[in-house]
Amino acid sequence: MIPLSWYIMLSAALFTIGVVGVLSRRNIFIILMSIELMLNAANINLVAFSHYLQSLTGQIFTIFVITVAAAEAAVALAIIILLSRNRGSVYADEFNILKG
Amino acid sequence: MNTAISISGLKALLPFLIMTAAAMVVMLGIAFRRDHRFTVLLTLAGLALGGGSLVFTPFAPDRYVTTLVLVDAFAGYYLALLFAAAFAVVCLSYSYLEIQGGHREEYYLLVLLAVLGAAVLAAATHFASFFLGIEILSVSLYGLTAYQRHRDQSVEAGVKYLILAAVSSAFILFGMALVYAEVGSMEFARIAIRAGAAGGALLGTGLVLIIVGLGFKLAVVPFHLWTPDVYEGAPAPVTAFIATVSKGAVFALVLRFFGNMDIRVGGALFLIFTIIAVASMFFGNLLALMQQNVKRVLAYSSISHIGYLLVTLLAAGPLRLNASAFYLAAYFVTTLGVFGVVTVLSTRDRDADKLDDYRGLAWRRPWLAGVFTAMLLSLAGIPLTAGFIAKFYLVAAGIGSALWLLVIVLIVNSAIGLFYYLRIIGAVYSMDGPPGPSMPISLSGSAALGGLTLALLWLGIYPGPFLALIGSLMQTAH
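Chains A and B, in that order, are what the protein sequence lines are. Going by my numbering, 79 is the number at position 79 of the first sequence; the sequence numbering is gapless. Basically my numbering = 1-based index in the second sequence + 100.
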């Protein structure tokens, strides 16, 4: 059997890749994909721990998370389409009307 | 624990069921009859019904409905506060959206869904209800922030809020997974017991990640970067909603989640929250001094107010729940009042967010200027307003637990804060304002502002009955 620590390492690596992606990429679609990566890293953790602890809570929770992520992506894509129509660009560093 | 829902459990869930039903009814209402006034009336009826149902809800300290929510007096108080704030926001939104074109009706659907998410947060006692509540609230707020599709600022604010809120949700989720790994349960009560004992590395890391995520939602330093941009870009009533309902609900959750834990003086959690509170007070107030845009000033001011509120989380003793409950009520009334004035002064093309929009307001609209002045003085914490009593309670709670550093920082910052509130008030009473056309203020807008002003004066001058009510409600909580 694969030891639990491997799952934790895998999910921590995926989460870190996600955080670095959000911070460093310009294209807003890639940023969204990085956020999905972070959510799915947490999902791997939840399922692995659920199996390890022999409790179903984590797996049921994962289904909630997948559902919520889908809803979030739908709203996010709608707003980004709106932005690219208004602005003609999907690059995060060009969103600079608001600043103090 | 029992997982089935009994009839009495359903009765306890009544406010949540009514909010869900109200959102459905409004959605169907829009499908059959697209009419702004009709939709607003449906929404207000739903909120009033939800608030009214609180009278019949059987609150009890152990009224768990499954393991997910706890409908006790603590939850009941925050539900009432959230519904009342949403009611005021809807009244203000009506006058704001009436002068805008386009599809206005779906706005209210999003408001109702956001209130539902906030209500779930106020009663959550389990990671599942915590996560679902925060996501229902956030996803509705993405839509609300970007609601004015033709304004570039609004859409840009929506995208910024979207990315940062989604990232913070991911942090919270990852933290939840780690806490679950060590505790083996997602119930707040069991996590609190485990966190009190010597917790391991996974539990500690998980809690820190959850604090980071919640810090984003509460907009405390150093997770506050989105706040000024979103406050400036979002439509004025939505800004009021984010500042009150969203932050209030998350703070209620923070009180519930971390309140059960043993936050000892000198412990790691105590240190983290102290640093966050002190940094929020100082950064919020000092950065507010440099702003020219009224909405940005209020954004930084709200950062410092959450910093003040964190004192109640760190204080010990029964007084802290009373202090946070009263402070949030006063903060809700005042913030809604200030943004209410911004809302009614906004025009079709832009929100009234420049300092110049307020220059000489007192000579053009004396009543409105009076309301605005009273609200700003309350934010600053001047006696005879709600803000003073609220701050007095915070200081009392802090001194009661000997949190001298926090109390001193709080008092110093109240003095700094006074400066930028007085600068806005100075502009309101300056003599060199433009003559400006006197546009009539809508009935719903003035009704909401009138109600908020009365509440402000009542809480400030005669707070006794309200304090007694809070005392009796919070006595049974925890």
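Ideal Cβ positions, reconstructed from N, Cα and C, are used throughout, including at glycine.
Query                                                                                                                                                                 : Result
Locate the alpha helix (DSSP H) running through H136(B), then write down its first and last residues.                                                                 : H136 to S153
In its own chain, which residues sit with a C-beta less than 7 Å from the C-beta of S240(B), not counting the 5 before and 5 after it?                                : L210, L213, A214 and G217
Flag this pair as touching only if the segment 270-283 of chain B and the segment 36-53 of chain A have three or more C-beta atom pairs under 8 Å; answer yes or no.  : yes
Roughly how many angstroms lie between the CA atoms of A430(B) and T553(B), to the nearest whole one?                                                                 : 11 Å
Kindly indicate if chain A contains any beta-carbon less than 8 Å away from that of V338(B).                                                                          : no
Closer than 7 Å by C-beta to T339(B): which residues in its own chain qualify, once you throw out the five before and the five after it? Chain order, please.         : Y331, K395 and F439
Identify the continuous alpha helix (DSSP H) that holds Y427(B) and give its terminal residues.                                                                       : L419 to L445
Indicate the three-state DSSP secondary structure (helix, strand or coil) for N393(B) in the structure shown.                                                         : strand
Going straight from the alpha carbon of Y427(B) to that of W558(B), what length do you get?                                                                           : 14 Å
If you follow the alpha helix (DSSP H) that Y196(B) is part of, which residue opens it and which one closes it?                                                       : A173 to E198
Using a Cβ-Cβ cutoff of 7 Å, what residues of the segment 311-327 of chain B are near chain A? List them in chain order.                                              : none
Since Y521(B) meets chain A, which of its residues come closer than 8 Å, beta carbon to beta carbon?                                                                  : Correct list: empty, because the minimum Cβ distance to chain A is about 18 Å.
For F168(B), which of A185(B), L197(B) and G109(B) has the nearest alpha-carbon?                                                                                      : Going by the sequence as given, residue 168(B) is Leu instead of Phe. The shortest Cα separation from L168(B) among A185(B), L197(B) and G109(B) belongs to G109(B).
Between G258(B) and chain A, is the shortest Cβ-Cβ distance under 8 Å, so that the two count as touching?                                                             : yes
Run the CB neighbour count on G88(A), radius 10 Å, all protein chains shown included, and call it buried at 16 or more, exposed below.                                : exposed
Between A423(B) and L494(B), which are expected to be in contact by the criterion C-beta below 8 Å, what is the C-beta distance as a whole number of angstroms?       : 5 Å
Which residues in the same chain as G58(A) place their Cβ atom closer than 7 Å to its Cβ, once the five residues preceding and following it in sequence are excluded? : L46, V47, F49 and S50
Start and end of the alpha helix (DSSP H) containing P565(B)?                                                                                                         : G564 to T576
In chain order, what residues of the segment 237-256 of chain B put their CB closer than 7 Å to some CB of chain A?                                                   : V239, Y242, G243, A246, R249, D252, Q253, V255 and E256
What do you reckon, is the C-beta of I17(A) under 7 Å from a heavy atom of the ligand ZN?                                                                             : As presented, the structure is devoid of all ligands, the ligand ZN included, so that no description of it is given.
Is it the case that the Cβ atoms of I524(B) and L476(B) are separated by a distance below 8 Å?                                                                        : yes
Have a look at A349(B) and A180(B) and give me their C-alpha separation to the nearest angstrom.                                                                      : 11 Å
Check this for me: beta carbons of P337(B) and Y196(B), under 8 Å apart or not?                                                                                       : yes
Measure the Cβ-Cβ separation of F230(B) and L353(B) and say whether it is below 8 Å.                                                                                  : yes
With a threshold of 8 Å between beta-carbons, can M9(A) be considered close to chain B, or not?                                                                       : no
Have a look at L264(B) and L170(B) and give me their C-alpha separation to the nearest angstrom.                                                                      : 29 Å
With distances taken between CB atoms, is the gap from Y521(B) to L468(B) smaller than 8 Å?                                                                           : no
Can you find a CB in chain B that lies within less than 8 Å of the CB of F61(A)?                                                                                      : yes
Run through DSSP, which three-state label would H250(B) get?                                                                                                          : coil
Following the continuous alpha helix (DSSP H) through A480(B), name the residue where it begins and the one where it ends.                                            : P466 to A480
If you compare alpha carbons, which of V320(B), F382(B) and G470(B) is closest to S511(B)?                                                                            : Per the sequence presented here, residue 511(B) reads as Ile, with Ser not at that position. For the residues V320(B), F382(B) and G470(B), the minimum Cα distance to I511(B) belongs to F382(B).
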